DNA sequence: GTCTATAGTGCGATAGAC
DNA sequence: GTCTATCGCACTATAGAC
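Protein chains in written order, with my numbering: chain W, 49 to 285; chain V, 49 to 285.
Right, here's the structure in full:
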């Protein structure tokens, strides 16, 4: 386990995925404990199982027709829980939305902090950051897709959290590029614009999944392609 | 005029914008004439003026809170037309959606065919295609943003048209890259993945406008940056 | 802990006055 | 050509049976 963590995302997408699945249950347990005032269910096992089902079903339905358009009747039918049952897990459709966004943010934070090492050299840090980001969004694709496409329907404070997350990711890349520039390993005219371009190509992976799936391009293939492309951009000379 | 067209988008964003505004009115006139069965208004001047207002208002409202969430009552209040008046320009909310999408598609087609020349050398074609695409999405940013973010709420046939447009743009870049490869001017391992990456960076311009605006980056600055970046990627050696 | 039945709200769409 | 008034419907949310 310690070795696996030390290797970052080097063990490939499957090892990464195995760890993520465990984290999802953990985080739903946390959500259950934190919201025990509004959640009327008392048995933790039942509640966590249903919360995972509610979140997954909501993401699936919303990603094919939008969260606003998805009625709680749809969610009830697809999840197998009645309207009444649903309302013992959240007090409004808005609260359901907040719970989902918060679950995703916690997952993201947990995984990113686990896989980023300050003491690696810039070039390794750059390729690790790209690969980890791709793996993360591959495993949590429905959530990232959801958070991105529903962002404009959110309330102010929720929107700000989405934007903050976006800029935080970009900042990771800006810092790596500037560190590489200072060390003379990279020659990157505008770290800000370059980081922004990297971010755009990373986002394409979870926003246009249909395209890559249709073309039989795996996340590892895309990672290799993207790392090479970025290294060409930042290479001196 | 002939010179302007011959120079493609070389005259900068402002010349481009001037031409586009004229086109919008033309296209609304076409829409009016084509839909005269469902549009109850008879005076062309009145109808076109109101159609432009309806489209603009719908895009503005939808881009801040989503098309589904925007009620026709909202649209009525913001546009200054009553519910009854609105319904003399379209027969359902769905038809309004179709009219907007069709208006944008016509604009896109008209502008792209006007600015792309088959007989230029690959390198010039590549930079012209990037610049023209950026100018187009700059001038019609609300429409592109709308078409992208509402795509999943559309019906099957409308969705297919959005995807077809997406792939058509990508094809333009694949063809240019392959032509350059064949001529020995480019050395691009995977034209498909590279075109897809270029597309992702082009889309970032209209999807993340808030970010570029906040950083005071103009469309011309972004164009110069992106063209240089892409030329680095495809350069041999 | 989960269900069914229903109250209350706001929507898309239309009819008819002006 | 545009308005106001209104209908029927689908939604969120809740109350009370089991």
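Each residue gets a CB set at the ideal place from its N, CA and C atoms; glycine is no exception.
Just so we're clear, the structure is a prediction, and the values are computed from it rather than from any experiment.
Between the CA atoms of residue j and residue i - distance to the nearest angstrom
{"i": "residue 215 (chain V)", "j": "residue 254 (chain V)", "result": "17 Å"}
{"i": "residue 115 (chain W)", "j": "residue 260 (chain V)", "result": "28 Å"}
{"i": "residue 193 (chain V)", "j": "residue 199 (chain V)", "result": "10 Å"}
{"i": "residue 97 (chain V)", "j": "residue 271 (chain V)", "result": "33 Å"}
{"i": "residue 281 (chain V)", "j": "residue 190 (chain W)", "result": "31 Å"}
{"i": "residue 209 (chain V)", "j": "residue 84 (chain V)", "result": "24 Å"}
{"i": "residue 168 (chain W)", "j": "residue 161 (chain W)", "result": "14 Å"}
{"i": "residue 180 (chain V)", "j": "residue 150 (chain V)", "result": "20 Å"}
{"i": "residue 267 (chain W)", "j": "residue 211 (chain W)", "result": "25 Å"}
{"i": "residue 158 (chain W)", "j": "residue 60 (chain W)", "result": "18 Å"}
{"i": "residue 109 (chain W)", "j": "residue 100 (chain W)", "result": "14 Å"}
{"i": "residue 269 (chain W)", "j": "residue 183 (chain W)", "result": "12 Å"}
{"i": "residue 118 (chain V)", "j": "residue 277 (chain W)", "result": "41 Å"}
{"i": "residue 79 (chain W)", "j": "residue 129 (chain W)", "result": "19 Å"}
{"i": "residue 265 (chain V)", "j": "residue 154 (chain V)", "result": "29 Å"}
{"i": "residue 236 (chain V)", "j": "residue 165 (chain V)", "result": "22 Å"}
{"i": "residue 63 (chain V)", "j": "residue 176 (chain V)", "result": "15 Å"}
{"i": "residue 274 (chain W)", "j": "residue 245 (chain V)", "result": "9 Å"}
{"i": "residue 285 (chain W)", "j": "residue 233 (chain W)", "result": "11 Å"}
{"i": "residue 223 (chain V)", "j": "residue 223 (chain W)", "result": "36 Å"}
{"i": "residue 138 (chain V)", "j": "residue 95 (chain V)", "result": "11 Å"}
{"i": "residue 124 (chain V)", "j": "residue 112 (chain V)", "result": "16 Å"}
Min CB distance residue i to chain W below 9 Å
{"i": "residue 214 (chain V)", "result": "yes"}
{"i": "residue 206 (chain V)", "result": "no"}
{"i": "residue 263 (chain V)", "result": "yes"}
{"i": "residue 197 (chain V)", "result": "yes"}
{"i": "residue 219 (chain V)", "result": "no"}
{"i": "residue 189 (chain V)", "result": "no"}
{"i": "residue 177 (chain V)", "result": "no"}
{"i": "residue 243 (chain V)", "result": "no"}
{"i": "residue 251 (chain V)", "result": "yes"}
{"i": "residue 211 (chain V)", "result": "yes"}
{"i": "residue 247 (chain V)", "result": "yes"}
{"i": "residue 171 (chain V)", "result": "no"}
{"i": "residue 141 (chain V)", "result": "no"}
Residue i burial status per 10 Å Cβ neighbour count (16 or more: buried)
{"i": "residue 147 (chain W)", "result": "buried"}
{"i": "residue 251 (chain W)", "result": "buried"}
{"i": "residue 92 (chain W)", "result": "exposed"}
{"i": "residue 188 (chain V)", "result": "buried"}
{"i": "residue 131 (chain V)", "result": "exposed"}
{"i": "residue 203 (chain W)", "result": "exposed"}
{"i": "residue 53 (chain W)", "result": "At residue 53 (chain W) the pLDDT is 49, less than 50, meaning the model places this residue with poor confidence and gives no usable figure here."}
{"i": "residue 247 (chain W)", "result": "buried"}
{"i": "residue 88 (chain V)", "result": "exposed"}
Minimum Cβ-Cβ distance from residue i to chain V less than 9 Å
{"i": "residue 240 (chain W)", "result": "yes"}
{"i": "residue 144 (chain W)", "result": "no"}
{"i": "residue 51 (chain W)", "result": "Low confidence applies here, because residue 51 (chain W) scores a pLDDT of 45, under 50, leaving its location unreliable and the question unanswered by this model."}
{"i": "residue 275 (chain W)", "result": "no"}
{"i": "residue 114 (chain W)", "result": "yes"}
{"i": "residue 117 (chain W)", "result": "yes"}
{"i": "residue 59 (chain W)", "result": "no"}
{"i": "residue 281 (chain W)", "result": "yes"}
{"i": "residue 97 (chain W)", "result": "no"}
{"i": "residue 201 (chain W)", "result": "yes"}
{"i": "residue 88 (chain W)", "result": "no"}
{"i": "residue 111 (chain W)", "result": "yes"}
Could you tell me which whole alpha helix (DSSP H) segments of length 4 or greater appear in the segment 170-194 of chain W?
170-187
What ranges does the alpha helix (DSSP H) occupy inside the segment 65-151 of chain W, keeping only unbroken runs of at least 4 residues that lie completely in it?
92-113, 120-127, 131-134
Kindly provide the ranges of any alpha helix (DSSP H) runs that are 4 or more residues long and lie completely inside the segment 238-271 of chain W, ordered along the chain.
239-255, 257-262
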